[in-house]
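As structure tokens, the structure follows; a few thoughts come after it.
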Amino acid sequence: KLPENIEFPLLHYSKWTEDKWKKIFNTKSIVSSENNKVLLSFVKESPNIEKFEQITFSSYNIHNADELSFICMYLMSGRLGDIERVKGNLALDNYSLKFDLVGEKYEVTGSNDLETNEVVIIGKNLNKEGLKTIFKAIK
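Per my numbering, residue 492 is the first one in the sequence shown, and the count goes up by one each step.
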């Protein structure tokens with residue numbers, strides 16, 4: 492039995508529209524076999540699934556590599572949400588720093604290219620106001 496939210500096209504599959512294919516492929520399902528028959532079971536998704544959020548700052552006020560390292564360590568603490576990844580550039584006087592944080596590790600590298608300031612933060616349950624405060628974001 493198909494869940495109510497699944498509409499299975501009655502036309503031959505070669506005549507299915509792209510929207511129907513997308514709906515089928517984007518619906519979670521389980522394929523199994525029983526008595527030499529292939530069974531397809533659709534899994535009803537829970538409405539409470541947490542999805543990743545993203546916040547981007549293109550202007551922020553960090554003055555040096557030490558401040559940047561402190562911020563990366565604070566982000567790893569989990570106090571501002573379940574942060575999965577942070578990636579960005581910090582433009583200083585004559586050089587730029589590129590930084591990348593994944594899980595509980597981060598890396599900061601220097602560059603002579605003058606990049607613009609930008610940081611992208613990806614995670615769940617992000618405290619957006621807290622992130623704005625720690626980056627001293629200017630919007």
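Backbone N, C-alpha and C define an ideal beta-carbon position, used for all residues, glycine too.
Specify the secondary structure class of residue i as computed by DSSP and reduced to three states.
i: I521; result: strand
i: K606; result: Inspection of the sequence shows that residue 606 is occupied by Glu rather than by Lys. Coil.
i: S450; result: Look at the range of the chain in this structure, 492 to 630, and you will see that residue 450 is not part of it.
i: Y551; result: coil
i: E558; result: helix
i: E544; result: strand
i: K506; result: helix
i: E595; result: coil
i: G614; result: strand
i: L622; result: helix
i: K511; result: helix
i: L581; result: strand
i: L530; result: strand
Going by alpha carbons, who is nearest to residue i out of the options?
i: Y586; options: V577, L605, E595, S523; result: L605
i: S560; options: G572, D573, H503, K596; result: K596
i: F543; options: N616, S550, K627, K514; result: N616
i: S602; options: K619, K528, A556, L530; result: A556
i: T624; options: I515, E525, S550; result: S550
What do you reckon, are the CB atoms on residue i and residue j nearer than 9 Å?
i: K589; j: T607; result: no
i: G614; j: E575; result: yes
i: V611; j: G579; result: yes
i: M567; j: G594; result: yes
i: W521; j: F626; result: Note that residue 521 corresponds to Ile in the displayed sequence, not to Trp. It is not a contact, given that the beta carbons lie outside the stated cut-off.
i: L548; j: E509; result: This sequence places Phe at residue 548; Leu is not what is there. The answer is no: Cβ separation not under 9 Å.
Please work out which residues of its chain come closer than 6 Å, Cβ to Cβ, to residue i, disregarding the five sequence neighbours upstream and downstream, and give them in chain order.
i: D591; result: K578, E598
i: I553; result: L559, L581
i: N618; result: L571, G572
i: S523; result: L530
i: D584; result: none
Within the same chain, show all residues whose beta-carbon is closer than 7 Å to that of residue i, passing over the 5 residues directly before and after it, in chain order.
i: F516; result: none
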